[in-house]
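Visitor: Before anything else, here's the structure in question.
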């Protein structure tokens, strides 16, 4: 394919637009449940892991696993659910900071997990899942 | 009103000191969030387990504050570090005030 001047201009414009998006704070306000968990602090991206399938046939029963090294508490939020806060878990010193459970989702959405670290500060990870919209019990 | 909870705890009964011990628990419960409608389009009354706790010889290991997004018959898998022999207490707290508990012993060598 030949790259014309017009193509390269388009590319530059797209790149410019993309670079505006990930600025946290004003571009993506904190979900109220996340803000409640962190006291308004914006979590760092990464530093923890969430395992969630990309699609699910059964929106009432979706396995999700969370692992956060050094975490004393975790929050899981499904912003597309009528009741978005899925759970909060606190780990005692003798517990390994991970949890697997099964959740229900009202439709396709990006699920957010946040960890509060023992050393201070917060980290977060998000994962998108495609499920059928239907009668949700959540 | 839901039926009495039946709960199942799956974990090893023995472990070596320092090992991670994986524990799986499931309780029978409808976990009605109060947002769901029945066939006649009436809201099904709220009926939830809102908290699950795990203690080991009186020490709190896990405390889960459960919201509406957790599936019915809630399942949790977690792990603890085996430090010494002792007894776990698992407690499912219902919003109506009822608490269902199970206990299990772990022998650590």
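Chains as they are written, first to last, in the working numbering: chain A, 146 to 283; chain B, 379 to 487.
Don't be surprised by glycine CBs; every beta carbon is placed ideally from N, CA and C.
Helix, strand or coil: which one does DSSP assign to residue 464 of chain B?
Guide: strand
Visitor: Below 7 angstroms between beta carbons is the criterion; list the residues of the segment 218-242 of chain A that meet it against any residue of chain B, in chain order.
Guide: Residues of the segment 218-242 of chain A that bring their beta carbon within less than 7 angstroms of a beta carbon in chain B comprise 223, 226, 227, 228, 230, 231, 232, 233, 234, 235, 236, 237, 239, 240 and 241, in sequence order.
Visitor: Less than 8 angstroms between CB atoms is the rule here; does residue 406 of chain B satisfy it with respect to chain A?
Guide: no
Visitor: If you draw a straight line from the C-alpha of residue 261 of chain A to the C-alpha of residue 247 of chain A, how long is it?
Guide: 22 angstroms
Visitor: At the level of alpha carbons, what is the spacing between residue 223 of chain A and residue 383 of chain B?
Guide: 27 angstroms
Visitor: Which partner residues does residue 427 of chain B have in the DSSP bridge list?
Guide: B/472
Visitor: Is it buried or exposed for residue 226 of chain A, if we count other Cβ within 10 angstroms and need 16 for buried?
Guide: buried
Visitor: At the level of alpha carbons, what is the spacing between residue 284 of chain A and residue 412 of chain B?
Guide: Not covered by the structure: residue 284 of chain A. The range shown for chain A is 146 to 283.
Visitor: Can you check whether the CB of residue 209 of chain A is closer than 8 angstroms to the CB of residue 196 of chain A?
Guide: yes
Visitor: Taking the continuous alpha helix (DSSP H) assigned at residue 242 of chain A, which residues delimit it?
Guide: Residue 242 of chain A -> not in any alpha helix (DSSP H); beta strand (DSSP E) instead, spanning 240-248.
Visitor: So, at 7 angstroms on beta carbons, what are the nonlocal neighbours of residue 416 of chain B in its own chain, with the 5 sequence-adjacent residues on each side left out?
Guide: In its chain, beyond the 5 residues on either side, 422 have a beta carbon closer than 7 angstroms to the beta carbon of residue 416 of chain B.
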